[in-house]
Amino acid sequence: MRSPSAWLVVKEFRELFRSRAYWLLLLMMGPLAGNSFISAVNLYAEASGVGGGPAALSQGLSPLDGILVPFFGAYDIAVTLLFPFVVIRLVAAEKENGALKLMLQGPASLGSILSAKLFVLVAGWTLAWTPGWLGLLLWKAYGGSIYAPELLNLLLGHFLRVLLSTGVAVAAAALAVNASSAAIVTLGFTVGTWVLDFVAPGRVSYTPTAALRTFEQGQLRLSMVLVQLTIAGACLALAAVWLPPGRTTKARTWGTAGVLLAASLLVLLGTQARPAWDLSENRRNSFAPAAEAALRQIRAPLHVTVYLAQEDPRLMDLDRGFLSKLERVLPTVEIRNAAQSRSGLFESPGDHYGEVWYEMAGRKTMSRSTIEPVLAEMLCQLAGVPVPVNSEDTPFAGHPLPVRPVGAAWLFQAIWPGAVALAWWLHFRIGR
Amino acid sequence: MHRVSGIAKRFGSNVVLHDVSFTVLPGEVLGLIGPNGSGKTTLFECLAGMLPMDAGHADLPPFFYMPDGIRPWDGQQVGWVLKFFEGLHGAPAGRASELADTLKLRPFESTQVGSLSKGELKRLLLAMALLTPHPLLLLDEPFDGLDFRQTREVMTLLRSVAAQGRTLFLSIHQLTDAARICDRVILLSGGHVVGEGPPAQWPDGLEAAFLALT
Chain A
1 MRSPSAWLVV
11 KEFRELFRSR
21 AYWLLLLMMG
31 PLAGNSFISA
41 VNLYAEASGV
51 GGGPAALSQG
61 LSPLDGILVP
71 FFGAYDIAVT
81 LLFPFVVIRL
91 VAAEKENGAL
101 KLMLQGPASL
111 GSILSAKLFV
121 LVAGWTLAWT
131 PGWLGLLLWK
141 AYGGSIYAPE
151 LLNLLLGHFL
161 RVLLSTGVAV
171 AAAALAVNAS
181 SAAIVTLGFT
191 VGTWVLDFVA
201 PGRVSYTPTA
211 ALRTFEQGQL
221 RLSMVLVQLT
231 IAGACLALAA
241 VWLPPGRTTK
251 ARTWGTAGVL
261 LAASLLVLLG
271 TQARPAWDLS
281 ENRRNSFAPA
291 AEAALRQIRA
301 PLHVTVYLAQ
311 EDPRLMDLDR
321 GFLSKLERVL
331 PTVEIRNAAQ
341 SRSGLFESPG
351 DHYGEVWYEM
361 AGRKTMSRST
371 IEPVLAEMLC
381 QLAGVPVPVN
391 SEDTPFAGHP
401 LPVRPVGAAW
411 LFQAIWPGAV
421 ALAWWLHFRI
431 GR
Chain B
433 MHRVSGIAKR
443 FGSNVVLHDV
453 SFTVLPGEVL
463 GLIGPNGSGK
473 TTLFECLAGM
483 LPMDAGHADL
493 PPFFYMPDGI
503 RPWDGQQVGW
513 VLKFFEGLHG
523 APAGRASELA
533 DTLKLRPFES
543 TQVGSLSKGE
553 LKRLLLAMAL
563 LTPHPLLLLD
573 EPFDGLDFRQ
583 TREVMTLLRS
593 VAAQGRTLFL
603 SIHQLTDAAR
613 ICDRVILLSG
623 GHVVGEGPPA
633 QWPDGLEAAF
643 LALT
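Shown next as structure tokens:
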């Protein structure tokens, strides 16, 4: 005998598989992911010197950048533009056809109802990742290298991305009167985060795109995980406030305010979480071992004042190449951007534009460099610790692979869509 | 005896329910009758918590409310929806099948809910309500869309359900139906309770009372 929760899960699976939007998503994932995979493998092969062409420096040939990120990028597009419609349908349909009124009187709590929906949506999304898993198998079959920590970290980033996207779409479906309004709200949120990425690119941004980029760089930041989980949870809590039809406007307003307040506090706390790990195979987010050992001897708090506009490429170089690495090594780093204008074009020389000041234990020094070894040496001198010597560490060798994506076009653009169409036909034929 | 007292509901400046109070006796078939727009559905929705009420209190046993005009899980088959409701509410195994026979839903078990006619849908919703374990059922327009024969059969079924101890509270707009099945009726007009009692208490019949009071 099944429990009410088990019945809910079965019902949600049946509803998911009745959804044409979901079948369309499954169908499209083959060509979408396949196109990314084929392009990525071809580019990687050319960079590896396929067909007698000149090979790029092998150090630059990382499967994370060359294959995994562009291949899985198809899923970022799908989770942004296709999956929300599947989510909205699963929530809004029950509101519109009256089923929700029956469900809310049943033995399952609203939390169980939402949890069942979330579980089934994530399971459905995992199934839509089948072309992704097939692509990984193909890559391995070609002789490609996969570094497990990198892959798992990237998958975690995509998992958080789908949780966030699902949360936003569920909240939109709960708040909006009908499915089409919910779709507009969801797309509005997505476009809003894109605009935010464009107009206010911060050092550490928590928009969905920026968060995924962190994982794509091989970084695992606890703050990023906590913030994404908090926002997704807050969206589901908002849905719980708005879904029951009998709530007064006052109750909904207070509920919404409570959720937003709690979420804001948790996000604020989450952003303070310092732990971060470099899971990239080539340690791109870490100092060289000798420099890291030297810098770890520094215990005093470091204050960094940066005079660079947000959109200045030097700021990005400084951040990726030095500051973000520094934050994981030193116990206390406080970074402040003191640029007066958004663009450095009209800053006068007296405004210190381009300078970066480092202050520790009453001593200060300034540098305009963004080069890691230069800055690491300068910081050691400022702190009075022994300067790191160049070590003889073996650099990352890279994984060149000059092979073409044999069979991928057939698999992704013919076999997969054919299999989905056949499954769809069988499902609806049996279900008729 | 259960008591509903002082229910009030307004939509903006439009007052739909004014201080609605009445009693519900265990095991009875209670009818809620009134002209269109008198507030019958609004009263049910307020009692069921589907609409926030502005004032009032309902001391009712656990109940299940089956709204009118819904078409739940319209992409699923009738047989599966009944099985799902049986399982979700922990009804005895086979009860859904039994109700499918009683309400003549067996031929539609493989039909999608979205393809049912109004009368077929009404019988499905009734079967779903009867699969719940609640001691009180609120049914909004349970005979709407049924033909004469089906109405008689459903009335017999509901009578047998009441005889087993469940209380039924039915919103009915056909006075002849109400007079035939209800032990007592509440007459609602303009959001006010204008009469309450057994149909036989009005010597000229419910229709005359309806015309006189509304």
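First to last, the sequence lines map onto chains A and B.
Under this note's numbering, the first residue of the first sequence carries the number 1, and numbering increases by one thereafter.
Under this note's numbering, the first residue of the second sequence carries the number 433, and numbering increases by one thereafter.
Beta carbons are placed, not taken as given, at the ideal position from N, Cα and C, and that holds for glycine.
Just so it is clear, the structure is predicted and the values come from calculations on it, not from any experiment.
Output needed for residue i: all residues of its chain with C-beta closer than 8 Å, excluding positions within five of it in sequence on either side, in chain order.
i, result
"B:V448", "K441, R442, G471, T474 and G623"
"A:F412", "G30, P31, A33, G34, N35, F37, I38, P131, L134 and G135"
"B:A561", "F496, M498, L569 and L571"
"A:Q217", "S280, R284, N285 and R320"
"B:S549", "G577"
"B:H521", "L563, T564 and P565"
"A:T230", "A263, L266, V267 and G270"
"B:G546", "R503, D506 and G507"
If you count every other CB in all the chains shown that lies within 10 Å of the CB of residue i, and 16 or more means buried, which is it?
i, result
"A:W133", "exposed"
"B:N446", "exposed"
"B:I439", "buried"
"A:N282", "buried"
"B:M433", "exposed"
"A:F428", "exposed"
"A:E15", "buried"
"A:E94", "buried"
"A:P313", "exposed"
"A:L265", "exposed"
"A:D65", "buried"
"A:E12", "buried"
"A:R161", "buried"
"A:F198", "exposed"
"A:T248", "exposed"
"A:H399", "buried"
"A:L426", "exposed"
Which value, in whole angstroms, describes the spacing of the CA atoms of residue i and residue j?
i, j, result
"B:R616", "B:T588", "17 Å"
"B:D533", "B:V586", "12 Å"
"A:L90", "A:A262", "27 Å"
"B:G466", "B:L558", "21 Å"
"A:A273", "A:D76", "26 Å"
"A:V9", "A:R18", "14 Å"
"B:D579", "B:V593", "21 Å"
"A:L236", "A:E327", "33 Å"
"A:I88", "B:Q633", "52 Å"
"B:Q582", "A:G124", "42 Å"
"B:G526", "B:L556", "16 Å"
"A:S223", "A:N42", "36 Å"
"A:E150", "B:A523", "50 Å"
"B:A487", "B:G469", "20 Å"
"A:V387", "A:A376", "8 Å"
"B:A444", "B:P484", "The sequence as given places Gly at residue 444 of chain B; Ala does not occur at that position. Approximately 13 Å, taken between the alpha carbons."
"A:G233", "B:R538", "43 Å"
Would you kindly report the start and end of the unbroken alpha helix (DSSP H) that includes residue i?
i, result
"A:F189", "A179 to V199"
"A:V122", "L110 to A128"
"A:S264", "T249 to T271"
"B:G385", "Beyond the ends of chain B as shown, which are 433 and 646, falls residue 385 of chain B; an answer cannot be given."
"B:A440", "Premise fails: B:A440 lies in the beta strand (DSSP E), H434 to F443, not in any alpha helix (DSSP H)."
"A:E334", "Counting along the chain, A:E334 falls outside any alpha helix (DSSP H), though it belongs to the beta strand (DSSP E) covering V333 to N337."
How would you write the range of the beta strand (DSSP E) that residue i sits in, first residue to last?
i, result
"A:V306", "L302 to V306"
"B:E628", "H624 to G629"
"B:H450", "N446 to V456"
"B:E585", "Where B:E585 is concerned, there is no enclosing beta strand (DSSP E), although the alpha helix (DSSP H) it sits in stretches over F580 to A595."
Who are the Cβ neighbours of residue i in its own chain at under 6 Å, not counting the five residues just before and after it?
i, result
"A:W7", "none"
"A:F71", "S36, F37, A40 and G135"
"B:F517", "M560 and L563"
"A:E372", "G321 and F322"
"B:G463", "L602, I604, A610, C614 and V617"
Within the same chain, show all residues whose beta-carbon is closer than 7 Å to that of residue i, passing over the 5 residues directly before and after it, in chain order.
i, result
"A:F215", "N153, L154, L156 and G157"
"B:Q606", "F575"
"B:L457", "M433"
"B:L645", "L619, S621, V626 and G627"
"A:V119", "The amino acid at residue 119 of chain A is misidentified as Val; the sequence shows Phe. Around A:F119: V9."
*Can you give me, in chain order, the residues of the segment 393-419 of chain A that have a beta carbon less than 8 Å from any beta carbon in chain B?*
Only those residues of the segment 393-419 of chain A whose C-beta falls short of 8 Å from the nearest C-beta of chain B would be listed, and there are none.
_Residues of the segment 71-104 of chain A with Cβ closer than 7 Å to any Cβ of chain B, in chain order_ = N97, G98, A99, K101 and L102
*In the segment 8-25 of chain A, which residues sit with their C-beta less than 9 Å from some C-beta in chain B, listed in chain order?*
Contact annotation: in the segment 8-25 of chain A, residues whose CB is within less than 9 Å of a CB in chain B are L8, V10, K11, R14, E15, R18 and S19.
*Could you please tell me which residues of the segment 490-514 of chain B, in chain order, have their CB closer than 8 Å to any CB of chain A?*
F496, Y497, M498, P499, G501, I502, R503, P504, W505, D506, G507, Q508, Q509 and W512
_Chain-ordered residues of the segment 104-115 of chain A with a beta carbon less than 9 Å from chain B_ = Of all residues in the segment 104-115 of chain A, only L104, Q105, G106, P107 and A108 come within less than 9 Å of chain B when Cβ atoms are compared, listed by chain position.
*If you measure beta-carbon to beta-carbon, which residues of the segment 225-259 of chain A are closer than 7 Å to chain B?*
P245, G246, R247 and T248
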